[in-house]
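Trainee:
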Amino acid sequence: METIEVTRAGGGIVTVTLNRPEKKNAINGTMWGELVTTLREIAVGDDRVVILTGAGGAFCSGADLSGGGVDAGAQSPHQLAMMRRVGDVALTLHRLPQPTIAKVGGVAAGAGANMAFGCDLIVASDEARFTEIFARRGLTIDFGGSWLLPRLIGLHKAKELAFFADIISAKEAEAFGLVNRVVPAGELDAFVDDWAQKLATGPPIALAQTKRLLNNSMSVTMEEALDDEGAAQTVNFATADTAEAMAAFLGKRDPRFTGR
């Protein structure tokens, strides 16, 4: 692929790296296509954890507005059609059954910021910066930001970030509730690797269902949530992983989950 790198470590950990460092990993038409294809393949594969990061220090500076950022081609489609490609990537990332970790070492702006916030867990270095830069470009928020931000930090804080489009530090983002952890830059890789390895040894079916339940939590009633939990637990009790967990508990050993 031209604009992203996909690498796999042992134990089911896949890292997707946005790889246009000369543009701070701004997303052009090729990258939008490669991202949605890659994420869809991961969704139905054997990977257990997904790390999303950027090359060259930056995470992602957003859509590449300098050169037909959404769809670079001889015949440019209507803007609405181009934005559907943005939506496809955001929704595919959101729907991934595997836990996702955004590893943010530098700037995350616009769609790049919301791509990070769209992951299940966000770990930032103390050198990272975030901005909902859209208003400075005469644009409205996208890549799911209008849905994500109010759920992450509440409506009024979301409006503050979107209206003013300020650049905030990693520590400020942590205070807002936008990131899970801020670590020294030199410790970022090791911290994320540790989290990924812990998740990769977990029960894939149960984790996927927990992720779905939590993602749906603000759009269902308590009664519906309890029904969904009951259905999920029923599935779990029929898996080999739950039987293995019970056997491991009785045997005073760590379980070995296979995703079956």
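For the numbering used here, add 37 to where a residue sits in the sequence shown, where the first one is 1. Backbone N, C-alpha and C define an ideal beta-carbon position, used for all residues, glycine too.
Would you please state the rounded distance, in angstroms, between the beta carbons of Leu27 and Ala269? I believe it to be under 8 Å.
Mentor: Past the boundaries of the shown model lies residue 27; the chain is included only from 38 to 297, so the question cannot be answered.
Trainee: Here's a check: name, in chain order, each residue in its chain whose Cβ is nearer than 6 Å to the Cβ of Glu261, leaving out the five neighbours to either side.
Mentor: For Glu261, where only same-chain residues beyond five positions count, there are no Cβ hits under 6 Å.
Trainee: What residue from Leu287, Leu189, Ala275, Gly70 has the CA that sits closest to Thr129's CA?
Mentor: Gly70
Trainee: Can you tell me where the beta strand (DSSP E) holding Ala298 begins and where it ends?
Mentor: No answer is possible for residue 298: the residues shown for the chain start at 38 and end at 297.
Trainee: Can you give me the C-alpha to C-alpha distance between Arg293 and Ala280, rounded to a whole angstrom?
Mentor: 11 Å
Trainee: Looking only at C-alpha atoms, which of Ile159, Asp291, Ile242 sits nearest to Val272?
Mentor: The residue with the shortest Cα to Cα distance from Val272 is Ile242.
Trainee: Can you tell me where the alpha helix (DSSP H) with Phe201 in it begins and where it stops?
Mentor: Where Phe201 is concerned, the enclosing alpha helix (DSSP H) stretches over 192–201.
Trainee: State yes or no: is the C-beta of Asn62 within less than 8 Å of the C-beta of Ala95?
Mentor: Result yes, Cβ atoms of Asn62 and Ala95 sit closer than 8 Å.
Trainee: At what residues does the beta strand (DSSP E) containing Ile205 begin and finish?
Mentor: 204–206
Trainee: Whole angstroms is fine: what's the gap from His115's alpha carbon to Val123's?
Mentor: Near 13 Å, if we compare the C-alpha coordinates of Val123 and His115.
Trainee: Using 8 Å as the threshold, is the C-beta distance between Gly91 and Leu133 below it?
Mentor: no
Trainee: Short of 6 Å in beta carbon distance, which residues of its chain neighbour Ser162, apart from the five on each side in sequence? Order them along the chain.
Mentor: Cβ neighbours of Ser162 beyond the five flanking positions: Gly142, Ala222, Leu225.
Trainee: Rank Asn217, Leu189, Arg174 by C-alpha distance to the C-alpha of Asp203 and give the top, closest one.
Mentor: Arg174
Trainee: Can you tell me whether DSSP reads Leu263 as helix, strand or coil?
Mentor: helix
Trainee: Using three-state DSSP, classify Val43 as helix, strand or coil.
Mentor: strand
Trainee: Name the one or two DSSP bridge partners that Ala284 has.
Mentor: BP columns for Ala284 are empty, so no partner.
Trainee: How big is the Cα-Cα spacing for Leu79 and Gly155?
Mentor: It is worth fixing the name first, because residue 79 is Ile in this sequence and not Leu. If I take the Cα positions, the gap works out to 16 Å.
Trainee: Rounded to the nearest angstrom, what separates Gly110 and Phe171 at their Cα positions?
Mentor: Caution applies to Gly110, whose pLDDT of 46 falls short of 50 and renders its modelled position unreliable; the value that the coordinates give is listed next. In a straight line, the C-alpha of Gly110 is about 24 Å away from that of Phe171.
Trainee: Among Thr177, Glu211, Lys248, Asp179, which one has its Cα closest to the Cα of Ile190?
Mentor: Glu211
Trainee: With the cut-off set at 8 Å, would you say Asn252 and Val160 are in Cβ contact?
Mentor: no
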